[in-house]
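This report concerns only the one structure given below.
Number of protein chains: 2
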Amino acid sequence: MTKIDIISDAALKNGIRQFLETAPDIYMAGVSVDTVIFGFHHDKLKVLLLRFGNTPYFVLPGGYIKKEEDLDDAALRILQERTELQNIYLEQFYTSGNISRSNEKVAVELAFKMIGTIPNSNWFGQRFVSVCYYALVDDTKVNPVTEAFFTEVKWFDINKLPRVLYDHDNIIQKALKRLQADLDEKLAAFNLLGETFTMLELQKLYESVYQKKLVRTNFQRKMLSLGVLERLEKQYNGKSHKAPYLYRFAQTV
Amino acid sequence: MTKIDIISDAALKNGIRQFLETAPDIYMAGVSVDTVIFGFHHDKLKVLLLRFGNTPYFVLPGGYIKKEEDLDDAALRILQERTELQNIYLEQFYTSGNISRSNEKVAVELAFKMIGTIPNSNWFGQRFVSVCYYALVDDTKVNPVTEAFFTEVKWFDINKLPRVLYDHDNIIQKALKRLQADLDEKLAAFNLLGETFTMLELQKLYESVYQKKLVRTNFQRKMLSLGVLERLEKQYNGKSHKAPYLYRFAQTV
DNA sequence: ATCTATTGTATCAAAATGATACAATAATGC
DNA sequence: GCATTATTGTATCATTTTGATACAATAGAT
Numbered sequence: 001m002t003k004i005d006i007i008s009d010a011a012l013k014n015g016i017r018q019f020l021e022t023a024p025d026i027y028m029a030g031v032s033v034d035t036v037i038f039g040f041h042h043d044k045l046k047v048l049l050l051r052f053g054n055t056p057y058f059v060l061p062g063g064y065i066k067k068e069e070d071l072d073d074a075a076l077r078i079l080q081e082r083t084e085l086q087n088i089y090l091e092q093f094y095t096s097g098n099i100s101r102s103n104e105k106v107a108v109e110l111a112f113k114m115i116g117t118i119p120n121s122n123w124f125g126q127r128f129v130s131v132c133y134y135a136l137v138d139d140t141k142v143n144p145v146t147e148a149f150f151t152e153v154k155w156f157d158i159n160k161l162p163r164v165l166y167d168h169d170n171i172i173q174k175a176l177k178r179l180q181a182d183l184d185e186k187l188a189a190f191n192l193l194g195e196t197f198t199m200l201e202l203q204k205l206y207e208s209v210y211q212k213k214l215v216r217t218n219f220q221r222k223m224l225s226l227g228v229l230e231r232l233e234k235q236y237n238g239k240s241h242k243a244p245y246l247y248r249f250a251q252t253v
Numbered sequence: 001m002t003k004i005d006i007i008s009d010a011a012l013k014n015g016i017r018q019f020l021e022t023a024p025d026i027y028m029a030g031v032s033v034d035t036v037i038f039g040f041h042h043d044k045l046k047v048l049l050l051r052f053g054n055t056p057y058f059v060l061p062g063g064y065i066k067k068e069e070d071l072d073d074a075a076l077r078i079l080q081e082r083t084e085l086q087n088i089y090l091e092q093f094y095t096s097g098n099i100s101r102s103n104e105k106v107a108v109e110l111a112f113k114m115i116g117t118i119p120n121s122n123w124f125g126q127r128f129v130s131v132c133y134y135a136l137v138d139d140t141k142v143n144p145v146t147e148a149f150f151t152e153v154k155w156f157d158i159n160k161l162p163r164v165l166y167d168h169d170n171i172i173q174k175a176l177k178r179l180q181a182d183l184d185e186k187l188a189a190f191n192l193l194g195e196t197f198t199m200l201e202l203q204k205l206y207e208s209v210y211q212k213k214l215v216r217t218n219f220q221r222k223m224l225s226l227g228v229l230e231r232l233e234k235q236y237n238g239k240s241h242k243a244p245y246l247y248r249f250a251q252t253v
């Protein structure tokens with residue numbers, strides 16, 4: 001569900017002010033977490049992005065690490081805050097730490113402009129090394145939540161991304177590359193689908209991840225040979241052709 | 001060459017004192033870099049480790065990131081400081097950031113004991129998130145260099161590692177797993193060998209990385225089919241059997 | 001009843017992999 | 001010298017995997 005959630009200007013400014021006052025006491029300085037949340041709907045691979053304030057720019061869902069919190073726990077917490085999901089498939093794939101993370105200064109200036117004053121905390125101005133995770137979610141179960149400086153939560157087609165801040169475009173591409181590598185090896189695909197699915201849906205998912213067409217009959221043969229699919233009753237979908245079987249992912253049958 | 005370099009107690013204490021005085025001004029707090037340096041000799045895969053002070057514990061070569069330095073540049077600098085090599089094959093593979101990075105407190109206590117006093121800087125006591133890289137080097141060209149708190153630089157067989165501090169054992173195993181994945185895909189193996197090598201040497205390298213025996217004839221067929229090996233003159237090695245060819249790695253012939 | 005689009009399965013060729021055989025070579029021992 | 005031994009380079013065959021195509025079954029549209 002491409003739920004869109006817009007918050008008011010006043011609430012936005014207030015949220016930022018509050019964050020800046022408490023952040024240095026709560027979080028590690030210098031290290032952040034960014035997550036590339038993948039979803040799949042309408043046969044397309046999607047990424048969840050946040051609109052940065054009232055600007056036309058988007059960013060990856062991210063956050064900071066509490067001073068007494070494990071890195072992986074931080075990633076999970078940030079993800080849960082944003083999607084309200086439990087049991088999320090999460091993989092760390094890259095850490096971004098170049099000084100010039102593209103247009104970072106633009107972002108900081110925008111942040112300042114948004115709250116209409118120079119904050120006494122220099123939190124955003126400091127250098128961050130960002131540890132990046134990707135997550136695979138069943139988008140039908142996601143309930144996107146906005147917070148602090150973000151005015152909108154939106155799914156974007158991986159091939160139709162908006163303008164993003166920092167080096168987040170680079171991070172998204174690296175996430176996709178890693179997902180491609182993990183899809184077969186870790187049977188990761190099924191985290192992007194619902195409980196049941198047709199073979200065609202599964203194929204469209206693979207095609208959208210690998211960004212290329214696959215041969216239907218050979219794909220079907222390969223998936224069935226994995227031995228992890230349980231075949232359920234046929235799905236009569238009202239289309240004018242043979243009805244497909246439904247499948248369920250059944251690890252270690 | 002398993003060069004061993006031992007420095008004096010006085011020089012050691014002095015090095016630590018000096019480091020602690022200047023570190024907070026020079027380096028980012030909270031973020032460190034660790035490198036798993038792989039080498040290959042006597043048909044074994046090796047890892048370069050540093051002896052921590054006068055203790056029996058070893059650690060990975062690591063360091064900190066200068067305030068105005070890119071993350072990748074920091075990894076390269078740390079590696080060059082330790083090996084005096086240029087053009088090193090380097091891959092970032094993991095970032096370790098759990099609060100309880102195993103026996104960290106032991107290490108800190110040891111560090112304090114070594115310099116015989118509580119340092120005014122709490123540098124070592126702070127929490128670090130460590131970005132980990134692995135490097136592939138031709139060990140015949142490495143000139144291991146000791147520094148600061150380390151009293152010895154030594155190559156260890158991947159299967160005969162000493163006791164290591166922090167979570168460095170975990171990091172080494174993760175590095176090996178990643179190397180296994182990269183070996184074929186990125187033709188990474190040749191960075192571990194000298195300019196020329198025999199097919200058997202190459203096979204022993206693959207076997208030591210994958211930790212399993214390979215069938216000689218099929219391995220040879222596969223390597224030759226890659227199209228990246230240039231066959232040179234035979235190597236008369238004085239052994240009582242047919243002399244093998246030498247090969248050179250020739251990318252994009 | 002026929003047409004159309006899609007699904008499930010079968011089949012054949014081509015490529016990759018696994019297993020084995022064997023001739024060539026270079027020192028060793030007689 | 002000459003057979004012996006260990007290793008190397010290549011060939012060959014069977015098996016498995018992959019790519020490409022054919023075709024019957026189905027379910028609604030006409």
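Chains V and P supply the protein sequences, listed in that same order. Numbers 1 to 253, taken from full-length UniProt numbering, label the letters of the first sequence in order. Numbers 1 to 253, taken from full-length UniProt numbering, label the letters of the second sequence in order. For every residue, glycine included, the Cβ atom is placed at its ideal position computed from N, Cα and C.
Next on the checklist: For the structure I just gave you, are there three or more beta carbon pairs, one from the region 233–249 of chain P and one from the region 61–80 of chain P, closer than 8 angstroms?
Outcome noted: no
Checklist entry - Checking contacts by CB at 7 angstroms: is residue 95(P) closer than that to chain V? => result Locating residue 95(P) in the second sequence gives position 95, counting from the first residue. Interface residue, yes.
Checklist entry - Does residue 71(P) get closer than 7 angstroms to chain V when you measure Cβ to Cβ? => result The residue given as residue 71(P) occupies position 71 in the second sequence. With 7 angstroms as the cut-off, residue 71(P) counts as an interface residue toward chain V.
Item to check | Boundaries of the alpha helix (DSSP H) in which residue 225(V) is found, first to last residue | outcome: Position 225 of the first sequence, counting from 1, holds the residue named residue 225(V). Its alpha helix (DSSP H) spans residues 216–225.
Checklist entry - Assuming residue 199(P) and residue 133(P) make a contact with CB atoms under 8 angstroms, what is their CB distance in whole Å? => result Position 199 of the second sequence, counted from the first residue, corresponds to residue 199(P). Position 133 of the second sequence, counted from the first residue, corresponds to residue 133(P). At roughly 30 angstroms, the Cβ-Cβ gap does not stay under 8 angstroms, so residue 199(P) and residue 133(P) are not in contact.
Checklist entry - At which residues does the alpha helix (DSSP H) containing residue 35(P) begin and terminate? => result As a position in the second sequence, residue 35(P) is number 35, starting the count at 1. Run containing residue 35(P): none in the alpha helix (DSSP H); it sits in the beta strand (DSSP E), 27–41.
Checklist entry - Residues of chain V with CB under 8 angstroms from residue 127(P), in chain order? => result One-based indexing of the second sequence puts residue 127(P) at position 127. Ordered by position in chain V, the residues that pass the 8 angstroms Cβ test against residue 127(P) are 28, 67.
Checklist entry - Quick one: does residue 31(P) have its CB under 7 angstroms from some CB of chain V? => result To locate residue 31(P), count along the second sequence from 1; it is residue 31. With 7 angstroms as the cut-off, residue 31(P) counts as an interface residue toward chain V.
Next on the checklist: I want to see whether chain P comes within less than 7 angstroms of residue 171(V), judged by CB atoms only; does it?
Outcome noted: Here residue 171(V) refers to the residue found at position 171 of the first sequence. It does not; no Cβ of chain P falls within 7 angstroms.
Item to check | Chain-ordered chain P contacts of residue 92(V) [CB-CB under 8 angstroms] | outcome: Working through the first sequence from its first residue, we reach residue 92(V) at position 92. Ordered by position in chain P, the residues that pass the 8 angstroms Cβ test against residue 92(V) are 94, 95.
Checklist entry - Can you tell me whether DSSP reads residue 158(V) as helix, strand or coil? => result For the purposes of this step, residue 158(V) is taken as the residue at position 158 of the first sequence. Of the three classes helix, strand and coil, the one that applies to residue 158(V) here is coil, per DSSP.
Checklist entry - Whole-angstrom Cβ separation of residue 228(P) and residue 251(P), contact assumed at under 8 angstroms? => result Your numbering for residue 228(P) matches position 228 in the second sequence. Your numbering for residue 251(P) matches position 251 in the second sequence. Their Cβ separation, rounded to whole angstroms, is 6 angstroms, which keeps residue 228(P) and residue 251(P) in contact under 8 angstroms.
Checklist entry - Between the C-alpha atoms of residue 249(V) and residue 192(V), what's the straight-line distance to the nearest angstrom? => result By one-based count along the first sequence, residue 249(V) stands at place 249. By one-based count along the first sequence, residue 192(V) stands at place 192. Taking the straight line from one Cα to the other gives about 11 angstroms.
Item to check | Residues near residue 205(P) in its chain [Cβ-Cβ closer than 7 angstroms; skip 5 each side] | outcome: Residue mapping note: residue 205(P) aligns to position 205 of the second sequence, counting from 1. Excluding residues within five positions, the ones whose Cβ falls inside 7 angstroms are 40, 189, 192, 193.
Next on the checklist: Can you look up residue 249(P) in the DSSP assignment and give me helix, strand or coil?
Outcome noted: The count along the second sequence starts at 1 and reaches residue 249(P) at position 249. Note: residue 249(P) maps to strand in three-state DSSP.
Checklist entry - Since residue 91(V) sits in a beta bridge, which residues does DSSP pair it with? => result As a working mapping, residue 91(V) is identified with position 91 in the first sequence. Note: residue 91(V) sits in a beta bridge opposite 134(V).
Checklist entry - Quick one: what's got a C-beta closer than 6 angstroms to residue 183(V)'s C-beta in the same chain, skipping five residues either side? => result Walking along the first sequence from the start, residue 183(V) turns up at place 183. Cβ neighbours of residue 183(V) beyond the five flanking positions: 189, 209.
Checklist entry - In terms of residue numbering, what span does the alpha helix (DSSP H) encompassing residue 201(P) cover? => result As a first step, residue 201(P) must be located in the second sequence, where it is residue number 201. Counting along the chain, the alpha helix (DSSP H) containing residue 201(P) begins and ends at 199–210.
Checklist entry - Smallest Cα separation from residue 90(V): which of 219(V), 59(V), 38(V)? => result As a working mapping, residue 90(V) is identified with position 90 in the first sequence. Residue 38(V) is the option with its Cα nearest to residue 90(V).
Checklist entry - From residue 27(P) to residue 177(P), what does the alpha carbon distance come to, in whole angstroms? => result Here the question's residue 27(P) lines up with position 27 in the second sequence. Here the question's residue 177(P) lines up with position 177 in the second sequence. So the alpha carbons of these two residues sit roughly 30 angstroms apart.
Item to check | Continuous beta strand (DSSP E) stretch holding residue 178(P): start and end | outcome: Taking the first residue of the second sequence as 1, we reach residue 178(P) at position 178. Where residue 178(P) is concerned, there is no enclosing beta strand (DSSP E), although the alpha helix (DSSP H) it sits in stretches over 168–185.
Next on the checklist: Please tell me whether residue 238(V) has its Cβ less than 7 angstroms away from any Cβ of chain P.
Outcome noted: Within the first sequence, residue 238(V) is the residue found at index 238, counting from 1. False, the Cβ-Cβ gap to chain P never drops below 7 angstroms.
Next on the checklist: Is it buried or exposed, residue 42(V), if we count other Cβ atoms within 10 angstroms and call 16 or more buried?
Outcome noted: The residue you call residue 42(V) lines up with position 42 of the first sequence. Exposed, since its Cβ has fewer than 16 Cβ neighbours within 10 Å.
Next on the checklist: Taking the alpha-carbon of residue 187(V) as reference, which of 169(V), 224(V), 19(V) has the nearest alpha-carbon?
Outcome noted: Reading the first sequence from its first residue, position 187 is the one you call residue 187(V). The shortest Cα separation from residue 187(V) among 169(V), 224(V), 19(V) belongs to 224(V).
Item to check | Residue of 52(P), 29(P), 113(P), 22(P) minimising C-alpha distance to residue 146(P) | outcome: Start at 1 with the first residue of the second sequence, and residue 146(P) comes out as number 146. Taking only the C-alpha atoms, the option nearest residue 146(P) is 52(P).
Next on the checklist: I'd like to know if the region 10–22 of chain V and the region 81–101 of chain P are in contact, where contact means that at least 3 CB-CB pairs between them fall below 8 angstroms.
Outcome noted: no
Item to check | Minimum Cβ-Cβ distance from residue 11(V) to chain P less than 7 angstroms | outcome: Residue numbering aside, residue 11(V) sits at position 11 when the first sequence is read from its first letter. Cβ-Cβ to chain P under 7 angstroms: no for residue 11(V).
Checklist entry - Using DSSP with H/G/I as helix, E/B as strand and the rest coil, what is residue 231(V)? => result Counting from 1 along the first sequence, the entry for residue 231(V) is found at position 231. Residue 231(V) falls in the strand class under three-state DSSP.
Checklist entry - Whose C-beta lies closer than 7 angstroms to the C-beta of residue 65(P) among residues of the same chain, with five residues either side of it excluded? => result For the purposes of this step, residue 65(P) is taken as the residue at position 65 of the second sequence. Here the set comprises 27, 28, 31, 33, 71, 74.
Next on the checklist: Alpha carbons only, please: which of 220(P), 126(P), 149(P) is nearest the one belonging to residue 11(P)?
Outcome noted: Sequence index remark: in the second sequence, residue 11(P) carries index 11 (1-based). Of 220(P), 126(P), 149(P), the residue nearest in Cα terms is 149(P).
Checklist entry - Going straight from the alpha carbon of residue 144(P) to that of residue 207(P), what length do you get? => result Within the second sequence, residue 144(P) is the residue found at index 144, counting from 1. Within the second sequence, residue 207(P) is the residue found at index 207, counting from 1. Looking at the two C-alpha atoms, the distance is approximately 26 angstroms.
Next on the checklist: Quick check on residue 57(P): buried or exposed, where buried means 16 or more other Cβ atoms within 10 Å of its Cβ?
Outcome noted: Taking the first residue of the second sequence as 1, we reach residue 57(P) at position 57. Label assigned to residue 57(P): buried.
Checklist entry - Comparing the C-beta of residue 99(P) with each C-beta of chain V, is any distance below 7 angstroms? => result On the second sequence, position 99 is the one that residue 99(P) refers to. Yes, contact with chain V.
Checklist entry - Who are the near neighbours of residue 3(P) in its chain, counting only those whose CB is closer than 6 angstroms to its CB and skipping five residues on each side? => result Sequence index remark: in the second sequence, residue 3(P) carries index 3 (1-based). Note that residue 3(P) has pLDDT 47, beneath the 50 cutoff, so the model's placement of it is unreliable and the number below is only indicative. So the list reads 144, once near-sequence residues are dropped.
Item to check | Own chain, CB closer than 6 angstroms to residue 130(P), minus 5 neighbours either side, in chain order | outcome: Stepping through the second sequence from its first residue, residue 130(P) is reached at position 130. The answer, listed in chain order, is 32, 34, 96.
Next on the checklist: Taking CB distances under 7 angstroms as the criterion, tell me whether residue 131(P) reaches chain V.
Outcome noted: If you number the second sequence from 1, residue 131(P) lands on position 131. Closer than 7 angstroms: yes.
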